[in-house]
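*Asks:* Please see the structure below; I have some questions.
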Amino acid sequence: MTAPLPLLESRTVGRVRVHAIQAGGQQLDGGAMFGVVPKTLWERRLTADAKNRIPMGMRCLLIEHDDALVLLDTGSGNKETQKFHDIYGIENAGAHGRTALEDGIRAAGFTPEQVTLVVNTHLHFDHAGGNTWRAPTGEVLPSFPNARYVVQKGEFEWATHTNERTAASYFEANWASIAAAGRLDLVEGEVELLAGLSVRPSPGHTPYHQSVLLRSGGETCCFLGDVVPTQHHLPLPWIMGYDVEPLVTLESKRALLAEALGGDWLLVFEHDAHVGFGRAAHDGKSYGLASAP
Ligand SMILES: [Zn+2]
65 MTAPLPLLES RTVGRVRVHA IQAGGQQLDG GAMFGVVPKT LWERRLTADA
115 KNRIPMGMRC LLIEHDDALV LLDTGSGNKE TQKFHDIYGI ENAGAHGRTA
165 LEDGIRAAGF TPEQVTLVVN THLHFDHAGG NTWRAPTGEV LPSFPNARYV
215 VQKGEFEWAT HTNERTAASY FEANWASIAA AGRLDLVEGE VELLAGLSVR
265 PSPGHTPYHQ SVLLRSGGET CCFLGDVVPT QHHLPLPWIM GYDVEPLVTL
315 ESKRALLAEA LGGDWLLVFE HDAHVGFGRA AHDGKSYGLA SAP
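First residue of the sequence shown? That's 65 in the numbering used here, and the numbers climb one at a time after it.
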């Protein structure tokens with residue numbers, strides 16, 4: 065097995081410094097991660113453990129924008145039980161702070177209090193669990209007390225009106241204290257939040273899932289979220305079984321990856337255990353990872 069990535073990988077996009085923070089490891093069922101793709105195909109790329117699980121990451125992106133210190137997604141936080149962590153193979157304890165995410169923010173030279181904008185691709189627990197934290201008193205508080213938090217309005221409605229299929233991924237504790245503090249901003253569609261920083265709807269994993277684009281100095285970086293969770297999901301039909309609208313994911317990927325290829329975008333893979341940043345290539349038949357990042 066390849067060695068896990070360092071906690072922090074930093075790049076410059078145009079004039080903006082960005083830091084990919086590995087906010088923890090996760091292990092999920094390989095079959096669920098690749099949907100209709102047979103194991104005989106996906107196991108050529110990834111080795112499953114005795115429980116058929118594959119190694120994954122929970123990567124967040126910290127952006128040193130001129131107008132805000134921005135954090136994209138927040139990992140799974142510190143509020144769940146050990147039993148819950150065992151089910152999803154989550155290892156995200158901090159060596160210094162309360163989570164690996166906090167350690168990463170500090171390793172980049174910042175504190176959680178300095179983060180002023182948090183964007184969630186969607187509200188699943190492994191993307192929004194670190195929005196809040198459980199204090200030693202038991203109270204659940206915003207992890208980034210000086211930040212406003214942005215998510216699509218439709219995603220918030222989806223998260224707060226669950227059904228038997230979707231309920232296991234959405235926990236009110238991940239947003240309730242933020243909404244109560246008046247710090248939750250619900251946006252609709254493609255919106256430029258700051259100069260060069262936009263949210264882009266990329267539905268399918270959930271109906272209002274969004275990706276995030278950073279443009280600076282002629283360069284573009286795209287935080288994909290769960291539309292392409294790992295480099296192994298670059299081929300168009302390699303779509304997670306977790307997605308509620310897989311054929312919508314297919315069209316989101318088709319559009320986004322065509323643009324990424326044409327614009328030579330720097331891509332961030334949130335759930336890849338090993339590859340944080342990469343670019344898309346197309347060999348005439350299928351998308352894959354470009355050999356030179
Ligand atoms: Zn998700």
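Where is the CB? At the ideal position from N, CA and C, for every residue including glycine.
Go ahead and pull the three-state DSSP assignment for G326.
*Replies:* The answer is helix: DSSP assigns G326 an H, G or I state.
*Asks:* Flag this pair as yes or no: are the beta carbons of G281 and G78 separated by less than 7 Å?
*Replies:* Yes, the Cβ-Cβ distance between G281 and G78 is below 7 Å.
*Asks:* Going by DSSP, what residue range makes up the beta strand (DSSP E) through V287?
*Replies:* The residue you asked about is not Val; residue 287 is Phe in the sequence shown. Where F287 is concerned, the enclosing beta strand (DSSP E) stretches over E283 to F287.
*Asks:* Quick one: what does DSSP say D347 is sitting in, helix, strand or coil?
*Replies:* D347 falls in the coil class under three-state DSSP.
*Asks:* What residues in its chain sit with their C-beta under 7 Å from that of S316, if we drop five residues either side in the sequence?
*Replies:* Correct list, in chain order: S266, P267, G268 and V291.
*Asks:* How big is the Cα-Cα spacing for W222 and Y306?
*Replies:* One C-alpha to the other measures close to 15 Å.
*Asks:* For L72 versus G193, is the C-beta spacing smaller than 7 Å?
*Replies:* Contact: no.
*Asks:* Rounded to a whole number of angstroms, what is the C-alpha to C-alpha distance between A159 and T175?
*Replies:* Their backbone Cα atoms lie some 15 Å apart in a straight line.
*Asks:* Are the segment 125-137 and the segment 252-263 in contact at 8 Å, needing three or more beta carbon pairs?
*Replies:* With a cut-off of 8 Å, the segment 252-263 and the segment 125-137 count as touching, because enough Cβ pairs lie within range.
*Asks:* At the level of alpha carbons, what is the spacing between L330 and F235?
*Replies:* Each residue's alpha carbon lies about 32 Å from the other.
*Asks:* Between the alpha carbons of V204 and H83, how many angstroms are there, rounded?
*Replies:* Distance between the alpha carbons of V204 and H83 is about 27 Å.
*Asks:* Thinking just about the alpha-carbon of each residue, which of R117, M120 and A322 is nearest to the one in R343?
*Replies:* Answer by Cα proximity: A322.
*Asks:* Among residues of its own chain, excluding the 5 on either side of A354, which ones have a beta-carbon nearer than 8 Å to its beta-carbon?
*Replies:* G342, R343, A344 and A345.
*Asks:* How about T138 and N195: do their beta carbons lie closer than 7 Å?
*Replies:* Yes; because the gap between Cβ atoms is below 7 Å, this pair is in contact.
*Asks:* Give me, in chain order, the residues of the same chain whose beta-carbon lies closer than 7 Å to that of K217; leave out the 5 immediate sequence neighbours on both sides.
*Replies:* Result list for K217: L250, V251 and E252, in chain order.
*Asks:* Compute the Euclidean distance between the alpha carbons of S233 and K115, then round it to the nearest angstrom.
*Replies:* Looking at the two C-alpha atoms, the distance is approximately 21 Å.
*Asks:* Measure the alpha-carbon distance for A231 versus A171 and round it to whole angstroms.
*Replies:* If I take the Cα positions, the gap works out to 34 Å.
*Asks:* Quick one: does Q146 have its CB under 7 Å from some CB of chain D?
*Replies:* Annotation note: the requested chain D is absent from the structure, which comprises a single protein chain.
*Asks:* With DSSP as the reference, label A67 as helix, strand or coil.
*Replies:* A caution first: A67 carries a pLDDT of 46, below 50, which makes its placement in the model too unreliable to give a value.
*Asks:* Check for me: the beta strand (DSSP E) holding W222 runs from which residue to which?
*Replies:* Unbroken run through W222 is the alpha helix (DSSP H), K217 to T224; no beta strand (DSSP E).
*Asks:* What are the residues that DSSP puts in a beta bridge with Y213?
*Replies:* Answer by DSSP bridge pairing, in chain order: V182 and L248.
*Asks:* With hydrogens ignored, establish whether the beta-carbon of D290 is closer than 6 Å to any heavy atom of ligand 1.
*Replies:* Checking every heavy atom of ligand 1 against the Cβ of D290, one is found closer than 6 Å.
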